[in-house]
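Q: Heads up: the sequence shown begins at 1 in the working numbering, then just goes up one per residue.
Even for Gly, the Cβ is constructed at its ideal location relative to N, Cα and C.
In this text the structure is predicted, and so the values were computed from the model without any measurement.
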Amino acid sequence: MKRIEEAFRAAKKNGRAAFIPYITAGDPNLEATVELVRALVRAGADVIELGVPFSDPIADGPTNQRAAERSLAAGTTLTGVLAAVEIIRRDLEIPIVLFTYANPVVRYGIDRFAEDASSAGIDGVLFTDVPAEEMTPFEEELSANSLDLIMLVTPTSDRRRMKAAARFGGGFLYLVSRTGVTGARQDLDAELASNVRAAHKASKMPVAVGFGISSPDQVARVAALADGVVVGSAIVSRIGAMGDCEELAEEVEKFAVDLATACKR
Numbered sequence: 001m002k003r004i005e006e007a008f009r010a011a012k013k014n015g016r017a018a019f020i021p022y023i024t025a026g027d028p029n030l031e032a033t034v035e036l037v038r039a040l041v042r043a044g045a046d047v048i049e050l051g052v053p054f055s056d057p058i059a060d061g062p063t064n065q066r067a068a069e070r071s072l073a074a075g076t077t078l079t080g081v082l083a084a085v086e087i088i089r090r091d092l093e094i095p096i097v098l099f100t101y102a103n104p105v106v107r108y109g110i111d112r113f114a115e116d117a118s119s120a121g122i123d124g125v126l127f128t129d130v131p132a133e134e135m136t137p138f139e140e141e142l143s144a145n146s147l148d149l150i151m152l153v154t155p156t157s158d159r160r161r162m163k164a165a166a167r168f169g170g171g172f173l174y175l176v177s178r179t180g181v182t183g184a185r186q187d188l189d190a191e192l193a194s195n196v197r198a199a200h201k202a203s204k205m206p207v208a209v210g211f212g213i214s215s216p217d218q219v220a221r222v223a224a225l226a227d228g229v230v231v232g233s234a235i236v237s238r239i240g241a242m243g244d245c246e247e248l249a250e251e252v253e254k255f256a257v258d259l260a261t262a263c264k265r
């Protein structure tokens, strides 16, 4: 059984949704990223989502855009991100998913990327800007290297598109909570419950919900509906506010503990 599947099964067995925190790799630097991942695991993370910085992050809101800018300014590269994952893998078995745009992977070489990501210890890859119709070359290389392709579906995805995403995907189905870019929101989409039900009907995989989830209260409400909850911008904004300081990992861990606790059903 793959690590992502194991993580969701363990969370379900323990009466909780999987807690999936997102951070941008290399923000404020890759050394800090390694420590932040360790802190998030201590806080109760079930799966880690690492964002690969890109210069034109069209799916991201201002918070994650600024994080990508800081990461790139610090000299972060895809090669460096994979090297950081290798360090994390020395003492942690938590599933790690890369959240990336296609461009960095294409420049790296899709086949080479899949081989190196698998070797580094990556479990899955999520492409933010590749539709299912264009996913075949990515899916083939990832599958050949035992990597899960995490597919995105949105509130506007019809049943046919959801089924196509489920057919290509592995690990879990990532349901965007609302239309638009990433970023913390005050309210959840009124149609979220019906969207989660539709995703469950389209796929036998677990369904995780992300985009716009920022507080323990929102996490608890999503955890009652979905198999996993992704929290990104709320964590990333704290990293941006604190920068590269000694207390960074400790403070992020404190915040993440409350989010992880809220995943209990």
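How long is the line joining the alpha carbons of Leu36 and Leu248, rounded to whole angstroms?
A: Along the sequence shown, one-based indexing puts residue 36 at 36. Along the sequence shown, one-based indexing puts residue 248 at 248. Distance between the alpha carbons of Leu36 and Leu248: 8 Å.
Q: Measure the CB-CB distance between Val34 and Ile87 and report whether it falls below 8 Å.
A: Translated into positions along the sequence shown, residue 34 becomes position 34. Translated into positions along the sequence shown, residue 87 becomes position 87. Yes, the pair counts as a contact, with Cβ atoms nearer than the cut-off.
Q: Hey, quick one: how far does the beta strand (DSSP E) through Glu278 stretch, first residue to last?
A: Past the boundaries of the shown model lies residue 278; the chain is included only from 1 to 265, so the question cannot be answered.
Q: Nearest-angstrom Cα distance between Ala102 and Cys263?
A: In the sequence shown, counting from the first residue as 1, residue 102 sits at position 102. In the sequence shown, counting from the first residue as 1, residue 263 sits at position 263. Looking at the two C-alpha atoms, the distance is approximately 31 Å.
Q: Can you tell me whether Phe99 is helix, strand or coil according to DSSP?
A: Counted from its first residue, the sequence shown places residue 99 at position 99. Of the three classes helix, strand and coil, the one that applies to Phe99 here is strand, per DSSP.
Q: In three-state DSSP terms, what is Gly183?
A: For the purposes of this step, residue 183 is taken as residue 183 along the sequence shown, with counting starting at 1. A caution first: Gly183 carries a pLDDT of 49, below 50, which makes its placement in the model too unreliable to give a value.
Q: Based on Cα-Cα distance, which residue from Glu251, Ala224, Pro57 and Ala73 lies nearest to Arg16?
A: If you number the sequence shown from 1, residue 16 lands on position 16. When only C-alpha atoms are compared, the closest one is Ala224.
Q: In terms of alpha-carbon separation, which member of Leu149, Val229, Val105 and Val252 lies closest to Val236?
A: Position 236 of the sequence shown, counted from the start, is the residue given in the question as residue 236. The shortest C-alpha separation from Val236 is found at Val252.
Q: Confirm, please, whether the CB-CB distance from Thr76 to Pro57 is below 8 Å.
A: Counting from 1 along the sequence shown, the entry for residue 57 is found at position 57. Counting from 1 along the sequence shown, the entry for residue 76 is found at position 76. Going by C-beta atoms, Pro57 is not nearer than 8 Å to Thr76.
Q: Which whole-angstrom value is the C-beta distance of Gly228 and Phe138, which I expect to be below 8 Å?
A: The sequence position of residue 228 within the sequence shown is 228, counting from 1. The sequence position of residue 138 within the sequence shown is 138, counting from 1. With 8 Å as the limit, Gly228 and Phe138 do not qualify as a contact, their Cβ atoms being about 22 Å apart.
Q: Please state whether DSSP places Asp201 in a helix, a strand or coil.
A: Locating residue 201 in the sequence shown gives position 201, counting from the first residue. One point to set straight first is that residue 201 is Lys, not Asp, in the sequence displayed. It is helical.
Q: Give the secondary structure of Pro28 by DSSP, where H, G and I count as helix, E and B as strand, and everything else as coil.
A: The count along the sequence shown starts at 1 and reaches residue 28 at position 28. Judged by DSSP in its simplified three-state form, Pro28 adopts coil rather than helix or strand.
Q: Cα separation between Val106 and Ala39?
A: Within the sequence shown, residue 106 is the residue found at index 106, counting from 1. Within the sequence shown, residue 39 is the residue found at index 39, counting from 1. Here the alpha carbons of Ala39 and Val106 stand approximately 31 Å from one another.
Q: How is Met1 classed by DSSP in three states: helix, strand or coil?
A: Position 1 of the sequence shown, counting from 1, holds the residue named residue 1. Coil.
Q: Counting only runs of 4+ residues fully inside the stretch 66-97, write out the alpha helix (DSSP H) ranges in chain order.
A: Runs of alpha helix (DSSP H) with 4 or more residues, each lying fully within the stretch 66-97, are found at 78-88, listed in chain order.
Q: DSSP state of Val176, grouped into three classes?
A: Position 176 of the sequence shown, counted from the first residue, corresponds to residue 176. The answer is strand: DSSP assigns Val176 an E or B state.
Q: Can you tell me the Cα-Cα spacing of Phe19 and Ser215, whole angstroms?
A: Counting from 1 along the sequence shown, the entry for residue 19 is found at position 19. Counting from 1 along the sequence shown, the entry for residue 215 is found at position 215. About 13 Å.
Q: Return the chain-ordered list of same chain residues with a C-beta closer than 8 Å to the C-beta of Leu30, the five sequence neighbours on each side being excluded.
A: Here residue 30 refers to the residue found at position 30 when the sequence shown is read from its first residue. Within the same chain, Leu30 has close Cβ partners Ala74, Thr76, Gly80, Val81, Ala83 and Ala84.
Q: Tell me whether the stretch 194-205 and the stretch 152-170 touch, counting them as touching only if at least three CB pairs, one residue from each stretch, are closer than 8 Å.
A: yes
Q: Counting C-beta neighbours from all protein chains within 10 Å, is the total for Ala256 16 or more, i.e. buried, or is it exposed?
A: Taking the sequence shown and counting its residues from 1, the one referred to as residue 256 is at position 256. That one is buried.
Q: Go to Val207, then tell me how far its beta strand (DSSP E) extends in each direction, as first and last residue.
A: Here residue 207 refers to the residue found at position 207 of the sequence shown. Val207 to Gly210 is the span of the beta strand (DSSP E), which, as asked, contains Val207.
Q: Note down the Cα distance separating Asp60 from Ala234, rounded to an integer number of angstroms.
A: Here residue 60 is taken as the residue at index 60 of the sequence shown, counted from 1. Here residue 234 is taken as the residue at index 234 of the sequence shown, counted from 1. Straight-line Cα distance between these residues: approximately 13 Å.
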